[in-house]
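*Asks:*
There are 2 protein chains.
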Amino acid sequence: MNPPGLDHLLTCLRFPSVSTDSTRRTDVRACAEWLLSKVREMGLTGELHETPGHPVLVAQNKRIAGRRTVLLYAHYDVQPAEPLGEWKSPAFEPTIHDGRIFCRGATDNKGQLMAHMQGLAETLEQHADVPVNLTLLFEGEEEIGSPNLKPFLEQHRELLKCDVVAISDTGMVAPGVGTFTYGLRGIACMEAKIYGPAIDLHSGIFGGAIANPVTAIARLTATLHDAEGRVMIDGFYDGVRPIADWERKAWAELGDGDAEMLALTGSPALFGEPGYTERERRWARPTAEVNGIGGGYQGEGSKTVIGREAFVKLSFRLVPDQHPALVLQHAAAHLHAHLPKGVRLEVTPGHTGMPYLMDPHSVLGTAAQRALKKVFGEKTALIREGGSIPIVQAFKDVLNADTLLLGLALPDCQAHAPNENFPIENFVAGVRLNQALLAELA
Amino acid sequence: MNPPGLDHLLTCLRFPSVSTDSTRRTDVRACAEWLLSKVREMGLTGELHETPGHPVLVAQNKRIAGRRTVLLYAHYDVQPAEPLGEWKSPAFEPTIHDGRIFCRGATDNKGQLMAHMQGLAETLEQHADVPVNLTLLFEGEEEIGSPNLKPFLEQHRELLKCDVVAISDTGMVAPGVGTFTYGLRGIACMEAKIYGPAIDLHSGIFGGAIANPVTAIARLTATLHDAEGRVMIDGFYDGVRPIADWERKAWAELGDGDAEMLALTGSPALFGEPGYTERERRWARPTAEVNGIGGGYQGEGSKTVIGREAFVKLSFRLVPDQHPALVLQHAAAHLHAHLPKGVRLEVTPGHTGMPYLMDPHSVLGTAAQRALKKVFGEKTALIREGGSIPIVQAFKDVLNADTLLLGLALPDCQAHAPNENFPIENFVAGVRLNQALLAELA
Chain A
1 MNPPGLDHLL TCLRFPSVST DSTRRTDVRA CAEWLLSKVR EMGLTGELHE TPGHPVLVAQ
61 NKRIAGRRTV LLYAHYDVQP AEPLGEWKSP AFEPTIHDGR IFCRGATDNK GQLMAHMQGL
121 AETLEQHADV PVNLTLLFEG EEEIGSPNLK PFLEQHRELL KCDVVAISDT GMVAPGVGTF
181 TYGLRGIACM EAKIYGPAID LHSGIFGGAI ANPVTAIARL TATLHDAEGR VMIDGFYDGV
241 RPIADWERKA WAELGDGDAE MLALTGSPAL FGEPGYTERE RRWARPTAEV NGIGGGYQGE
301 GSKTVIGREA FVKLSFRLVP DQHPALVLQH AAAHLHAHLP KGVRLEVTPG HTGMPYLMDP
361 HSVLGTAAQR ALKKVFGEKT ALIREGGSIP IVQAFKDVLN ADTLLLGLAL PDCQAHAPNE
421 NFPIENFVAG VRLNQALLAE LA
Chain B
443 MNPPGLDHLL TCLRFPSVST DSTRRTDVRA CAEWLLSKVR EMGLTGELHE TPGHPVLVAQ
503 NKRIAGRRTV LLYAHYDVQP AEPLGEWKSP AFEPTIHDGR IFCRGATDNK GQLMAHMQGL
563 AETLEQHADV PVNLTLLFEG EEEIGSPNLK PFLEQHRELL KCDVVAISDT GMVAPGVGTF
623 TYGLRGIACM EAKIYGPAID LHSGIFGGAI ANPVTAIARL TATLHDAEGR VMIDGFYDGV
683 RPIADWERKA WAELGDGDAE MLALTGSPAL FGEPGYTERE RRWARPTAEV NGIGGGYQGE
743 GSKTVIGREA FVKLSFRLVP DQHPALVLQH AAAHLHAHLP KGVRLEVTPG HTGMPYLMDP
803 HSVLGTAAQR ALKKVFGEKT ALIREGGSIP IVQAFKDVLN ADTLLLGLAL PDCQAHAPNE
863 NFPIENFVAG VRLNQALLAE LA
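Chains as they are written, first to last, in the working numbering: chain A, 1 to 442; chain B, 443 to 884.
1) Label I506 of chain B either buried or exposed according to how many other C-beta atoms from any shown protein chain fall within 10 Å of its C-beta, with 16 as the threshold for buried.
2) What are the residues in the stretch 221-245 of chain A lying within 9 Å of chain B by C-beta distance?
3) If contacts are defined as beta-carbon pairs under 8 Å, then N861 of chain B and K530 of chain B qualify, I think. What distance do you get, rounded to the angstrom?
4) In or out: S464 of chain B buried (at least 16 other Cβ within 10 Å) or exposed?
5) Could you give the residue range of the alpha helix (DSSP H) that holds S37 of chain A?
6) Assign I64 of chain A to one of three DSSP states: helix, strand, or coil.
7) Determine, using beta carbons only, whether S531 of chain B comes closer than 8 Å to chain A.
8) Below 8 Å on C-beta distance, what does T493 of chain B contact in chain A?
9) I want to see whether chain A comes within less than 8 Å of R509 of chain B, judged by CB atoms only; does it?
10) If I measure Cβ to Cβ from A216 of chain A and keep anything under 6 Å in the same chain, skipping five residues before and after, which residues do I get?
11) Whether or not the stretch 529-544 of chain B and the stretch 450-464 of chain B are in contact is what I'm after, with contact meaning three or more pairs of Cβ atoms, one per stretch, closer than 8 Å; do they touch?
12) According to the Cβ coordinates, are R627 of chain B and G204 of chain A closer than 8 Å?
13) What do you reckon, are the CB atoms on L134 of chain A and L72 of chain A nearer than 8 Å?
14) Identify which residue in B:E820, B:G613, B:A726, B:P716 has its Cα closest to the Cα of R690 of chain B.
15) List, in chain order, every chain B residue whose beta-carbon is nearer than 8 Å to that of R185 of chain A.
16) Applying the 10 Å Cβ sphere with the 16-neighbour rule, what's the burial state of L526 of chain B?
17) Which complete beta strand (DSSP E) runs does the stretch 139-173 of chain A hold, if anything under 3 residues is left out?
18) With 16 as the cutoff for other CB atoms within 10 Å, does M232 of chain A come out buried or exposed?
19) Are the stretch 686-706 of chain B and the stretch 729-749 of chain B touching by the rule of at least three beta carbon pairs closer than 8 Å?
20) Note down, in chain order, every chain A residue with its Cβ under 7 Å from the Cβ of H569 of chain B.
21) Within a Cβ cutoff of 8 Å, which residues of the same chain sit near P791 of chain B, ignoring the five residues on either side of it in sequence?
22) Got a sec? Which residues, its chain only, sit under 6 Å from R501 of chain B by beta carbon, not counting five neighbours each side?
23) Cβ atoms of D642 of chain B and A417 of chain A: under 8 Å apart, would you say?
24) Consult DSSP for C103 of chain A and reduce its assignment to one of helix, strand or coil.
25) Are the beta-carbon atoms of M358 of chain A and D402 of chain A separated by less than 8 Å?
26) Kindly list the residues whose CB is nearer than 8 Å to the CB of L841 of chain B, restricted to its own chain and excluding five residues on each side of it in sequence; keep chain order.
27) May I have the straight-line CA-CA distance separating L438 of chain A from V392 of chain A, to the nearest angstrom?
28) Can you pull the chain A neighbours of V470 of chain B, defined as C-beta to C-beta under 7 Å?
29) Write down the C-beta distance between S19 of chain A and D108 of chain A rounded to the nearest angstrom, noting that I regard them as a contact closer than 8 Å.
30) Please report the residue range of the alpha helix (DSSP H) in which P766 of chain B lies.
31) Please report how far the alpha carbon of L448 of chain B lies from the alpha carbon of R308 of chain A, in whole angstroms.
32) For the candidate residues A:Q435, A:A409, A:L9, whose alpha-carbon lies nearest to that of K373 of chain A?
33) Skipping 5 residues on each side, what residues in its chain have a beta carbon closer than 7 Å to that of N148 of chain A?
34) In its own chain, which residues sit with a C-beta less than 6 Å from the C-beta of P684 of chain B, not counting the 5 before and 5 after it?
35) How long is the line joining the alpha carbons of H569 of chain B and L562 of chain B, rounded to whole angstroms?
36) Output, in chain order, the set of chain A residues within a Cβ distance shorter than 7 Å of Y739 of chain B.
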């Protein structure tokens with residue numbers, strides 16, 4: 001039998017709320033409206049707030065003076081599901097198999113969001129209230145970098161005022177091991193397009209006399225790294241904070257991650273910046289990643305053309321104290337300086353997010369770790385993560401609140417990839433974690 | 443009013459006979475069957491011959507001893523029409539505008555094929571025969587490298603025996619200037635695929651610890667050339683024959699081609715191997731061209747993934763005395779030798795064709811030039827071309843026949859590109875050229 005609340009999660013997953021895809025706009029809104037109906041059914045007061053993009057849901061219980069105020073953040077938007085052909089079950093029809101729910105958004109972030117919802121629903125049903133002043137803040141633009149959330153926080157400082165933020169949108173180091181994440185990488189995205197001839201050309205008739213934009217995009221992209229994986233952009237590593245000794249030690253105690261990384265990724269070998277372990281590379285070192293490249297003929301067989309344009313999509317993962325705007329500036333300068341001859345370049349900056357680091361030994365940090373112990377047992381892993389939740393820095397800047405990151409995703413939950421999934425037992429643990437966390441913070 | 447035979451050309455163009463696209467198989471055959479009905483209507487005996495791929499049409503008049511035997515070759519297949527969005531009129535619905543017919547295949551090769559058909563139809567109607575023993579050989583696989591035509595020639599040596607081959611599938615240097623092409627570049631195609639993780643991965647969670655196949659394909663592709671455009675594959679230039687002095691002179695007399703090349707291509711600048719004019723680069727120097735590259739996210743906006751695979755489609759244009767098989771061997775060795783760390787490479791060779799060079803001052807060469815003079819006037823351009831017609835070498839090898847290349851395409855006819863077109867006046871000239879050529883060869 002399904003655990004309580006699971007059916008609601010399945011309903012939530014059926015909304016294809018892909019925030020980056022303008023044709024999914026009404027699906028994103030429908031998901032927000034459905035969530036609004038749920039929080040109201042629980043007895044919270046809630047509203048959808050319009051933004052220039054997708055709506056933000058805010059819900060609250062009654063404010064009682066003297067109680068700690070906790071803001072629980074989550075996002076109801078999801079990544080695109082492409083490539084669709086690689087899904088073993090439909091991307092937007094949740095399918096349960098081997099104790100896991102397979103669906104786009106299952107782990108990132110609807111499974112974790114709905115676990116908190118179920119925890120709250122049960123507490124509210126039993127006690128008619130939760131033990132803190134609670135604010136739910138669910139947004140629909142996390143996967144596109146939350147462009148409208150920081151202005152929203154600024155416009156609603158009073159409404160959203162809180163002592164601490166809690167988010168379940170990170171990972172656990174292993175099944176059953178409570179994991180507290182005290183750092184995140186930042187992000188800076190960018191697209192570069194190279195233009196050559198005005199039209200696609202016959203590569204026999206014209207080949208040899210003009211520059212090929214597809215060749216040029218490859219040559220330009222190849223200048224970003226050295227053969228060992230170091231980023232070759234001037235100024236890129238400026239301000240990168242060294243990894244603290246206690247962190248190196250704590251992460252080493254988690255055991256050798258190499259075999260797990262190879263198994264998880266299926267890569268033929270590990271590869272990365274010399275001088276660092278794979279965890280250090282992912283959690284505390286910046287990267288320049290090529291997320292997509294394209295140009296010329298993409299179909300079956302061969303077509304002897306010189307394509308008229310080509311693109312590359314880049315994202316930089318950043319660590320303290322790099323600054324996204326500065327990194328984009330350095331990267332654009334690098335691309336223009338290394339542009340091959342005979343073509344034209346256009347660089348478009350994309351979304352950005354600051355890296356984040358808090359002190360895990362603070363009062364609120366230790367309260368969160370007590371909640372993790374209640375649910376998962378004595379041993380709690382203290383980690384950073386390689387992903388980005390840009391809004392965490394915004395909570396710090398605008399609301400002056402630290403964020404507790406209590407993730408429920410396993411390393412093989414395939415976030416952002418085909419066959420994304422979420423274990424039902426993690427959903428159940430999440431329900432309990434919500435209750436333990438609010439009790440410990442109260 | 444449309445000139446005689448034009449309606450038949452328009453009908454022929456409506457068949458989307460894309461040979462590389464397996465979903466178009468029945469369209470390719472329908473085009474062949476329609477052509478068969480036309481040659482039979484003219485009074486020739488004709489058959490479709492099955493091959494492992496698309497059918498070959500052979501038609502003949504009555505053999506009369508003592509007459510020269512002329513084989514007229516053309517192809518009824520066409521390139522893919524993608525990208526469809528860039529066509530100003532539907533790719534497979536011929537549209538007449540400014541005296542030109544716009545349609546995929548208009549110039550390459552249906553316009554030229556149907557001009558010869560109309561020339562023959564008129565001669566046969568007036569004289570009940572043509573002045574030579576004529577063989578028509580129309581194939582449906584030219585755009586995929588004619589994989590089945592050479593075996594077909596070998597199996598039908600007797601049937602196809604001839605003194606000379608004539609083909610209209612090349613270009614004119616300018617409107618109204620008769621152009622005799624005595625050399626063609628060869629071709630060798632290849633696809634390289636790089637594989638990394640087993641699935642697409644979240645570039646935040648995993649980025650930094652494993653090699654990215656999209657980065658790797660760019661780095662590998664970038665090793666193919668130096669910054670000036672020379673090909674960096676060991677052994678690639680082995681055997682390349684220097685350009686003869688008379689050729690350099692004859693081509694220089696055609697005038698400076700740079701401005702025309704910039705206007706035709708719309709490129710921001712010319713670019714190519716140092717030490718050669720743009721014509722020399724296109725007609726007599728080999729290239730390594732990147733026809734397509736792809737990997738990772740291709741859609742709107744950004745998606746922070748590490749793609750699991752990436753591809754690059756390459757084609758090499760070759761000149762005497764390079765050998766395609768050897769070039770593919772050198773290229774594969776280069777790719778394996780330069781493969782970035784942490785990924786896996788698969789190289790798939792594609793179709794090939796030998797470069798071709800004949801003596802334009804031979805008996806048959808001068809006969810062809812007389813025919814061009816009859817139609818276009820005194821001045822005939824002697825050129826090579828950058829494109830490839832691999833079958834020309836097969837005619838030499840199997841039938842021991844030279845090929846006369848009497849092209850009717852203008853430089854701006856956009857062969858292989860969107861908005862391919864063919865001037866109606868070239869169609870009319872082609873009808874006359876067919877009649878003049880058979881008379882001169884008789």
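All C-beta atoms, glycine included, are put in the ideal place defined by N, C-alpha and C.
*Replies:* On the basis of the data shown:
1) Flag for I506 of chain B reads exposed.
2) Cβ proximity to chain B below 9 Å picks out T221, A222, T223, L224, H225, A227, E228, G229 from the stretch 221-245 of chain A.
3) The beta-carbon separation of N861 of chain B and K530 of chain B, rounded to 6 Å, stays under the 8 Å limit for a contact.
4) A residue is called buried when at least 16 other Cβ atoms come within 10 angstroms of its Cβ; S464 of chain B does not meet this threshold and is exposed.
5) Counting along the chain, the alpha helix (DSSP H) containing S37 of chain A begins and ends at 25-42.
6) Coil at I64 of chain A, not helix or strand.
7) Not one beta carbon of chain A lies nearer than 8 Å to the beta carbon of S531 of chain B.
8) What T493 of chain B touches in chain A: nothing, since even the nearest Cβ is about 17 Å away.
9) The Cβ of R509 of chain B sits no closer than 8 Å to any Cβ of chain A.
10) Excluding sequence neighbours, A216 of chain A sits near I194, P340, V343.
11) Flag = yes, the stretch 450-464 of chain B and the stretch 529-544 of chain B touch.
12) Yes, the pair counts as a contact, with Cβ atoms nearer than the cut-off.
13) L134 of chain A places its beta carbon less than 8 Å from that of L72 of chain A.
14) Nearest of B:E820, B:G613, B:A726, B:P716 to R690 of chain B, Cα basis: B:A726.
15) Residues of chain B with a Cβ closer than 8 Å to the Cβ of R185 of chain A are, in chain order, G646.
16) L526 of chain B is classed as exposed because its beta carbon has fewer than 16 other beta carbons within 10 Å across all chains shown.
17) Taken in chain order, the complete beta strand (DSSP E) segments of 3 residues or longer contained in the stretch 139-173 of chain A are 164-167.
18) Of the other Cβ atoms in all chains shown, fewer than 16 fall within 10 Å of the Cβ of M232 of chain A; this residue is therefore exposed.
19) As far as the Cβ criterion goes, the stretch 686-706 of chain B does not touch the stretch 729-749 of chain B, which means the pair count is below three.
20) Residues of chain A with a Cβ closer than 7 Å to the Cβ of H569 of chain B do not exist, since the nearest Cβ in that chain sits about 37 Å away.
21) Excluding sequence neighbours, P791 of chain B sits near A630, C631, M632, L770, A774.
22) Looking at the sequence itself, residue 501 of chain B is Ala, so the reference to Arg does not match. Short of 6 Å from the beta carbon of A501 of chain B, and not among the five residues preceding or following it, lie these beta carbons of its own chain, in chain order: V481, L486, G488, L578.
23) Result yes, Cβ atoms of A417 of chain A and D642 of chain B sit closer than 8 Å.
24) C103 of chain A falls in the coil class under three-state DSSP.
25) Less than 8 Å divides the Cβ of M358 of chain A from the Cβ of D402 of chain A.
26) Closer than 8 Å at the Cβ level, and outside the excluded window around L841 of chain B, lie L513, L595, R599, L602, K603, C604, V607.
27) Counting only the Cα atoms, V392 of chain A lies some 19 Å from L438 of chain A.
28) Within chain A, no residue has its CB atom less than 7 Å from the CB of V470 of chain B, the nearest being about 13 Å off.
29) About 12 Å separates the beta carbon of S19 of chain A from that of D108 of chain A, a gap too long to meet the 8 Å contact definition.
30) Its alpha helix (DSSP H) spans residues 766-779.
31) Rounded to the nearest whole angstrom, the CA to CA distance from L448 of chain B to R308 of chain A is 32 Å.
32) Taking each of A:Q435, A:A409, A:L9 in turn and checking the Cα distance to K373 of chain A, the smallest one comes out for A:Q435.
33) T51, P52, G53, E141, listed in sequence order.
34) Only residues of its own chain outside the window of five on either side were considered, and among them none has a CB closer than 6 Å to the CB of P684 of chain B.
35) Cα to Cα, the separation comes out at about 10 Å.
36) Correct list: N291, G292, K313.
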